[in-house]
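Shown next, in structure tokens, is the structure this report addresses.
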Amino acid sequence: MRKLFQMKIHNFSAGPCILPKSVFKKAAESLVNYNNTGLSIAEMSHRSKDFISVMEKATSLVKELMNVPEGYDVLFLQGGASMQFYMSGLNLLPENGAAAYINTGTWSSKAIKEAKLLGNIYEVASSKEENFNYIPKNYDIPNNASFLHYTSNNTIFGTQFKDLPDTDLRLVCDMSSDIMTREIDVKKYDLIYAGAQKNLGPAGVTLVIVNKNALGKTGRSIPSMLDYQIHIAKESMFNTPPCFSIYTTMLTMEWLKELGGIQEIKKRNLAKSNLLYQEIDRNSLFEGTAKTEDRSVMNPTFVLRNKTLNEEFLNKSIEAGINGLKGHRSVGGFRASMYNAMEIESVQALVQVMQEFENARG
Ligand SMILES: *Cc1c(COP(=O)(O)O)cnc(C)c1O
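Here my numbering is used: the first residue of the sequence shown is 114, the next is one more, and so on.
So this is what it looks like as structure tokens:
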């Protein structure tokens, strides 16, 4: 363990994610003494001027970075994306109403399960029969569906929507694993939600962007903690917010803005994923698991053609300081999660291990 600490660790873990070193450093300092107040950011009243300004800054950075139009609100909630699976339906699905869902893997399946508690859910498309290795493109949506829900990036199976789903319906999207990694057109959505811990910050906070006009129309009575309108009215402070997670998320967004915003990070993300996919395709020992056109920029998944080599390769990667490469149990093989804060040097280190592994086998 000691020895590992001295070498550079390349963290390809699927989440919680890496964050920029500068963000961790600033967050650590603020945990001891926030802005020379003599108080930790974690012990400060969430009603204090200092924390309110953190909340305002975080909200305005989301709006600025993502070009959020008028009429939308930004919320920082708790309960993870998993809570949103139910909360989204509760606030948007009319009583006795219907909605359409695209099933592209574990997370969308879970979203469907929760939504079914609330109404008539049409699973209009699914790639389950191919172990979710592609994004379905043709589907019919029943007329009475009030929105279409999808998962933009499938963290576990390594697929990603490259275009918006083909529909005129309002969209609801779980963007947990690719939020702020590429530009999106927010006005197509009634709701976007994302657990922070894949690209934005530490676990404990969920980003929600919601179209105000879509709310208050279900005819349901909604418990306060699950009611977007209450959280909007209370500016994400209906109850004590996860102050430290929100603060660190704000720092990450400041870093992103400084870097050149989402346009710039998108270029960097593409450079990283192109580098790795080129090696997966070139290297005779490996193959990708997702259909080429649907491959995720965030979570490339790949396997060794000869599975008996799995452990040996994993050990070689660990020796090179690579962490978190083991694939999810439902896919096997390997998954290289390459979120915003990962530098291309880490991907180069992985590619080098793959090349050395091939060379050693002649
Ligand atoms: C990680 C992840 C989730 C789960 O998020 P929690 O915040 O742990 O509830 C949901 N959806 C997607 C796409 C994810 O990647």
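C-beta: ideal position from N, C-alpha, C; glycine also.
Could you round the C-beta distance between residue i and residue j to whole angstroms and report it? I think they count as a contact, below 8 Å.
| i | j | result |
| --- | --- | --- |
| M363 | F125 | No, M363 and F125 are not in contact; Cβ-Cβ is about 25 Å, not under 8 Å. |
| Q273 | M411 | 7 Å |
| A213 | L206 | No, A213 and L206 are not in contact; Cβ-Cβ is about 11 Å, not under 8 Å. |
| T402 | G446 | 7 Å |
| F260 | L282 | 6 Å |
| N233 | T331 | Not confirmed; about 14 Å, so no contact. |
| N423 | M293 | About 33 Å; that fails the 8 Å criterion. |
| P336 | Q191 | That belief does not hold up - the Cβ atoms of P336 and Q191 are roughly 14 Å apart, past 8 Å. |
| R448 | A127 | 6 Å |
| W368 | V167 | That pair is no contact at about 15 Å. |
Going by beta carbon distance, what residues of the same chain come within less than 8 Å of residue i, once the five residues before and after it are set aside?
| i | result |
| --- | --- |
| L388 | I457, V460, Q461 and V464 |
| K223 | S195 and F198 |
| C286 | H262, Y263, T264, S265, Y302, L304, I305 and Y306 |
Taking the alpha-carbon of residue i as reference, which of the options has the nearest alpha-carbon?
| i | options | result |
| --- | --- | --- |
| I431 | Q342, F470, G308 and A454 | F470 |
| F415 | N149, D407, G440 and D291 | G440 |
| K241 | S221, K429, R160 and I292 | S221 |
| K250 | A258, N257, S259 and Y263 | Y263 |
| I215 | S265, R442 and R474 | S265 |
| F164 | I375, S349 and N233 | S349 |
| H344 | M200, K385 and K379 | M200 |
| I359 | R474, K162 and E169 | E169 |
| G308 | G193, S239, K275 and L203 | G193 |
| K134 | N472, Q468, D279 and M455 | M455 |
| G437 | P336, I131 and Q119 | I131 |
| A238 | E227, M288, D279 and N352 | D279 |
| K226 | G202, G210 and N244 | G202 |
| A346 | K176, D186, T172 and V136 | D186 |
| N209 | D287, A258 and K380 | A258 |
| G373 | P255, K275 and L174 | L174 |
| Y247 | K275, M157 and R442 | K275 |
| D394 | S161, W368, N256 and L417 | L417 |
| I375 | K162, T150 and D291 | D291 |
Between which two residues does the alpha helix (DSSP H) containing residue i stretch?
| i | result |
| --- | --- |
| L230 | Unbroken run through L230: none, as it is neither H nor E. |
| S289 | Neither: S289 is in no alpha helix (DSSP H) and is coded neither H nor E. |
| H344 | Y341 to A346 |
| V145 | K134 to V145 |
| Y199 | G193 to L205 |
| L427 | N423 to E432 |
| I165 | K162 to M179 |
Going by the beta-carbon positions, is the gap between residue i and residue j smaller than 9 Å?
| i | j | result |
| --- | --- | --- |
| Y341 | V323 | yes |
| R295 | N382 | yes |
| Y302 | L284 | yes |
| L277 | D253 | no |
| N396 | M467 | yes |
| R408 | G184 | no |
| L152 | K370 | no |
| N326 | M338 | no |
| L188 | L398 | no |
| H123 | A433 | yes |
| A171 | F357 | no |
| N244 | V444 | yes |
Excluding the 5 residues flanking residue i on each side, which residues of the same chain have their C-beta closer than 6 Å to its C-beta?
| i | result |
| --- | --- |
| L313 | T362 and T365 |
| T219 | I269 |
| N267 | T217 and G218 |
| A228 | G202 and I234 |
| K121 | G434 |
| E156 | none |
| S289 | A194, A307, G308 and K311 |
| A300 | Residue 300 is actually Lys in this sequence, not Ala. P182. |
| N149 | none |
Between which two residues does the beta strand (DSSP E) carrying residue i extend?
| i | result |
| --- | --- |
| L304 | Y302 to G308 |
| V416 | T414 to L417 |
| L388 | First-last for L388: G374 to R395, but that is the alpha helix (DSSP H), not the beta strand (DSSP E). |
| S259 | A258 to T264 |
| L282 | Neither: L282 is in no beta strand (DSSP E) and is coded neither H nor E. |
| E400 | F399 to G401 |
| I457 | Note, I457: premise wrong, no beta strand (DSSP E); alpha helix (DSSP H) at I457 to A473. |
| F189 | Y185 to L190 |
| T512 | Given that the chain is displayed from residue 114 to residue 475, the structure contains no residue 512 and the question cannot be resolved. |
| I215 | A211 to N216 |
Could you pull out every residue in the same chain whose Cβ sits closer than 7 Å to the Cβ of residue i, ignoring the five residues on either side in sequence?
| i | result |
| --- | --- |
| P129 | Q310, P315 and A316 |
| V145 | S153 |
| G329 | Q342 |
| S386 | V410, P413 and M451 |
| L427 | L438 and K439 |
| H159 | M350, T353, P354 and C356 |
Less than 9 Å between CB atoms is the rule here; does residue i satisfy it with respect to chain D?
| i | result |
| --- | --- |
| R381 | Here chain D cannot be found, since the structure has a single protein chain. |
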